[in-house]
Amino acid sequence: MGGFMKKALTTKLRENLLLKVLSLVLAIFLWYFISARGYSELTLQLPLELVNIPEGYEVTEKSADRVNVSFLGSTKILRLLNPEQLRVSIDMKDTEEGSHKIMLTPDNIKVPSAVSITDINPGTISITIERIAEKVVPVKLNLKNASITKDYLFTITPDTVKVKGPESILKKVKYVKTEPIEIDTSTVEGRLKVRLIPIAERLKIQSGEVEVSYTRRQPQ
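Every number in my numbering is 34 more than the matching position in the sequence shown, counting from 1.
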């Protein structure tokens, strides 16, 4: 029984060794064949481009901004490839709202017909697309000295603004704040233009500034 197992193990090791030798010989042969014909391989890191995003929607998440692509072709043609003109392009037409996993294929990259694409890494991209919505929120005054409100009356015009962006981000917005302002307490009244503080990168405020008027309260 022991002799049988020893013989089987020896046979298995020989088979594995033979496979490794054959793989090495094949790799050397392919390298020699490609080199002899003036072929070579080139790997470039290309930007990921999303096109034809449906109107009223926005891509809020994607798992990669750049993709490594390996090309095989004649050395002469590969030298002519301009990385700045190449893109990994995903057509988003008719893509529904939600999260998607998109498999990348050579069809996503436009290259000369004499060039083959041998590898794309990562091969799958995760993308989330959301509906764009609008929301009206109040403007909140941002005073450097909040206690000054006991001495002055403030008016903000307009006192509400429209905010636009992906629904998941927009629903968290309760108000928009002005930039910090400081009032000259030697004045009785005044008026100034104040910019609004951006909320988030993907949200757009319809009006970038408001007018703040202030008047000193009359003594009681």
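The C-beta atom is built at its ideal place from N, Cα and C for all residues, glycine as well.
Once DSSP output is grouped into helix, strand and coil, what is the label at residue i?
{"i": "N155", "result": "strand"}
{"i": "A98", "result": "coil"}
{"i": "D141", "result": "helix"}
{"i": "P117", "result": "helix"}
{"i": "V55", "result": "helix"}
{"i": "A180", "result": "helix"}
{"i": "S74", "result": "strand"}
{"i": "S220", "result": "coil"}
{"i": "S150", "result": "strand"}
{"i": "T109", "result": "helix"}
{"i": "L187", "result": "strand"}
{"i": "L84", "result": "strand"}
{"i": "S123", "result": "strand"}
{"i": "I203", "result": "helix"}
{"i": "R60", "result": "According to the sequence displayed, residue 60 carries Leu and not Arg. L60 falls in the helix class under three-state DSSP."}
{"i": "M35", "result": "Confidence at M35 is low in this model, with a pLDDT of 48, below 50, so its placement is unreliable and the value that follows should be read with caution. Three-state result, M35: coil."}
Can you give me the Cβ contacts of residue i inside the same chain, cut-off strictly under 6 Å, excluding the 5 residues immediately before and after it?
{"i": "S247", "result": "T189 and R225"}
{"i": "S150", "result": "L106"}
{"i": "V222", "result": "R250"}
{"i": "E235", "result": "none"}
{"i": "K184", "result": "none"}
Let me make sure I understand the geometry here. Which of the options has the alpha-carbon closest to that of residue i?
{"i": "T212", "options": "E95, E223, I239 and I143", "result": "I239"}
{"i": "Y91", "options": "L60, K206, L56 and I163", "result": "I163"}
{"i": "K205", "options": "I182, Y186, L237 and L230", "result": "L237"}
{"i": "F182", "options": "D128, S241, R229 and I217", "result": "Per the sequence shown, residue 182 should be read as Ile rather than Phe. The residue with the shortest Cα to Cα distance from I182 is I217."}
{"i": "T219", "options": "I166, S202, E243 and A180", "result": "A180"}
{"i": "S104", "options": "T77, M137, D141 and K54", "result": "T77"}
{"i": "G199", "options": "R165, I231, D185 and L187", "result": "R165"}
{"i": "D99", "options": "N86, I111 and Q79", "result": "Q79"}
{"i": "K135", "options": "Q119, L120, P156 and N50", "result": "P156"}
{"i": "S133", "options": "S202, I111, L53 and D185", "result": "S202"}
{"i": "Q252", "options": "L58, L52 and Y186", "result": "Y186"}
Below 8 Å on the Cβ atoms is my guess for residue i versus residue j; work out the distance and round it to an integer in Å.
{"i": "V122", "j": "V93", "result": "The pair is not a contact, with the Cβ atoms about 15 Å apart (cut-off 8 Å)."}
{"i": "T152", "j": "E75", "result": "7 Å"}
{"i": "S125", "j": "N86", "result": "According to the sequence as given, residue 125 is Asp; it is not Ser. Confirmed, about 5 Å."}
Between which residues of its own chain and residue i is the CB-CB distance below 8 Å, once the five residues before and five after are set aside?
{"i": "K96", "result": "L82, L84, I159, S160, I161 and T162"}
{"i": "V197", "result": "E168, K169, V170, V171, L204, V207, V210, I233, L237, K238, I239 and Q240"}
{"i": "D128", "result": "P88"}
{"i": "E131", "result": "Y91, I163, E164 and R165"}
{"i": "L230", "result": "V173, V195, V210, K211, T212, E213, I239, S241, G242, E243 and V244"}
Once the 5 residues before and after residue i are set aside, which same chain residues still bring their CB inside 7 Å of it?
{"i": "P214", "result": "N176 and K178"}
{"i": "E245", "result": "T191, R225 and K227"}
{"i": "I154", "result": "V101, V103 and L138"}
Are at least three pairs of beta-carbons, each pair with one atom in the stretch 132–150 and one in the stretch 104–123, less than 8 Å apart? Contact between the stretch 132–150 and the stretch 104–123 is present, because at least three Cβ pairs lie under 8 Å.
Assess contact between the stretch 191–198 and the stretch 167–174, defined as three or more Cβ pairs (one per stretch) separated by less than 8 Å. Is contact present? Taking a cut-off of 8 Å for Cβ pairs, the stretch 191–198 and the stretch 167–174 touch, as three or more such pairs fall below it.
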